[in-house]
Amino acid sequence: MKHLAAYLLLALGGNSEPSGEDIKEVLASVGIYADESRLGQLLDELRGRDINELIAEGTSKLATIGSNASGGGDNVPDTEKGADDGSGSANGGSDADGDEDEDEDGDFGLGLFE
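Going by full-length UniProt numbering, the letters in the sequence shown line up with residues 1 to 114, in that order.
What follows is the structure in structure tokens.
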């Protein structure tokens, strides 16, 4: 990914066909070393291709996936999920003791710090 990002930066800067050395210079400027095999593979795949056409092609492919491509969507209506009814919490009101939910302590409900 870092090689592609450097390639795209160079292309945006006006270099229509960046070389391996160009990409290495960009990466080295931020303290990253290029992986020769991956860089070679990237350049082989992009050689002779217009980067704007590739981006347009990729964008159109992403558009066909649909809006529920995150993998986390379920078909439970909001009313069953505990939708926000304006009462301050998803469980239908504030906590009995007035404390904030445990999920708001920075672990985003993942239980990482329990």
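Glycine residues also receive a C-beta, built at the ideal position from the N, C-alpha and C atoms. Owing to the predicted nature of the structure, the values given are computational and were not obtained by experimental measurement.
Notebook entry, point to check: Quick check: the region 47-56 against the region 30-37, are there 3 or more CB pairs under 8 Å?
Noted result: no
Next item on the list: On a CA-only basis, which of 30, 33, 51 is nearest residue 14? Give me that one, please.
Entry: Here residue 14 corresponds to residue number 14 of the sequence shown, with the count starting at 1. Among 30, 33, 51, the Cα nearest to that of residue 14 belongs to 51.
Notebook entry, point to check: Do the CB positions of residue 4 and residue 42 come within less than 8 Å of each other?
Noted result: Within the sequence shown, the letter at position 4 stands for residue 4. Within the sequence shown, the letter at position 42 stands for residue 42. Yes, these two residues count as a Cβ contact at 8 Å.
Next item on the list: Could you name the residues of the same chain whose beta carbon sits closer than 6 Å to that of residue 1, not counting the 5 residues immediately before and after it, in chain order?
Entry: The residue given as residue 1 occupies position 1 in the sequence shown. Result list for residue 1: empty, nothing under 6 Å.
Notebook entry, point to check: So, is residue 55 buried or exposed, given that buried needs 16 or more other C-beta atoms within 10 angstroms?
Noted result: Translated into the one-based positions of the sequence shown, residue 55 becomes position 55. Result: exposed.
Next item on the list: In angstroms with no decimal places, state the Cα-to-Cα distance between residue 19 and residue 7.
Entry: Within the sequence shown, numbered from 1, the residue matching residue 19 stands at position 19. Within the sequence shown, numbered from 1, the residue matching residue 7 stands at position 7. Taking the straight line from one Cα to the other gives about 9 Å.
Note to self: What does the alpha-carbon distance come out to for the pair residue 27 and residue 21?
What the structure shows: Position 27 of the sequence shown, counted from the first residue, corresponds to residue 27. Position 21 of the sequence shown, counted from the first residue, corresponds to residue 21. About 10 Å.
Check: Which first and last residues belong to the alpha helix (DSSP H) in which residue 65 is found?
Finding: As a working note, residue 65 is residue 65 in the sequence shown. Residues 51-65.
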